[in-house]
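Numbering-wise (the numbering used here), the sequence shown opens with residue 442 and increments by one.
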Amino acid sequence: MASDSKRATRARMTGTQRRAQLLDVSRRLFAEKGFDNTSVEEIAARAEVSKPVVYEHFGGKEGIYAVVVDREIQTLTGALTDALEEGGHPKVMVERTALALLTYIEESEDGFRILVRDSPVAQATGTFSSLIGDVASQVEHLLAAQFKKQALDPRTAPMYAQMLVGMVALTGQWWLDARSPKKAEVAAHLVNLAWNGLEGLERRPALTRQP
């Protein structure tokens, strides 16, 4: 009777529901085991469907992986873009960007684990490294304007943008497993180094606006 009930539940799923279920199952498996070590058989078994169902919806493992990665990149890109486009003092913008990445890691751990691995298939929106490059390009314009105000060479802004965004991204990768100290404290220390430099580090940095 129990197996009959399960089959009936599966049969009631619409195509949209099944697709969402397969994406959710695959996302967890890719985060746990990586692309190479995840098979269509495992995806099907975890979703309690046959292999042909996976092929029907996504054409294979590469297809479902591409959709998973694309969705995660869109989510992270949206969060980082919102943080940058809100405007305000450059220091506050750095704070918001750091918090946006750390919040994404906190709320989408599986997604971030997938993104920071090398992508085995071409993605329409690129890999994590190209995403970080896109964010650096946006930061570049902000830095160039700030450099002009301080009589610094704006031609060096692209290099500093890569340094700044790379620092935040690598710290995020470290915090993914460390998870200590708390998110706001990590962001405050990131801004402390980025804004004050080693010589001017504050002993107890704090964010301008607490999350």
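Here a beta-carbon is modelled for each residue, glycine too, at the ideal position from N, C-alpha and C.
- By the Cβ criterion, the region 579-587 is not in contact with the region 499-515, since fewer than three pairs of Cβ atoms, one from each stretch, lie closer than 8 Å.
- When only Cα atoms are considered, A628 and G500 end up about 41 Å apart.
- Comparing alpha-carbon positions, the option among A586, A486, I484, L542 lying closest to H530 turns out to be A586.
- Considering only E526, V606, K502, S480, the residue with the shortest C-alpha distance to L572 is V606.
- Taking a contact as a CB-CB distance under 8 Å, the pair L648 and E536 counts as one, their CB atoms being some 5 Å apart.
- Inside the region 592-651, DSSP marks whole alpha helix (DSSP H) runs of 4 or more residues at positions 598-619, 624-632, from first to last along the chain.
- Of the residues I555, A520, K532, V533, the one whose Cα lies closest to the Cα of V576 is A520.
- By the C-beta density criterion, R644 is exposed, having fewer than 16 other C-beta atoms within 10 angstroms.
- In chain order, A585, F588, K589 place their CB closer than 6 Å to the CB of P595, counting only its own chain and leaving out the 5 sequence neighbours on each side.
- DSSP, read as helix, strand or coil, puts V481 in helix.
- Distances from the CA of E626 to each of A539, T597, Q591 were compared; the closest alpha carbon is that of A539.
- P599 has its alpha-carbon roughly 10 Å from the corresponding atom of G574.
- Distance from the CA of E482 to the CA of R620, rounded to the nearest whole angstrom, comes to 33 Å.
- Of the residues R554, Q458, P646, K492, the one whose Cα lies closest to the Cα of W615 is R554.
- Secondary structure note for R459: its alpha helix (DSSP H) is the uninterrupted segment 456-474.
- Pairing L517 with I484 gives a Cβ-Cβ distance that is not under 9 Å.
- By the Cβ-count criterion, S491 is exposed, with fewer than 16 other Cβ atoms from all chains shown falling within 10 Å of its own Cβ.
- As for any alpha helix (DSSP H) of minimum length 4 sitting wholly inside the region 525-592, the runs are 531-548, 550-556, 569-590, ordered along the chain.
- In summary, K474 is exposed, with fewer than 16 beta-carbon neighbours lying within 10 Å of its beta-carbon over all protein chains present.
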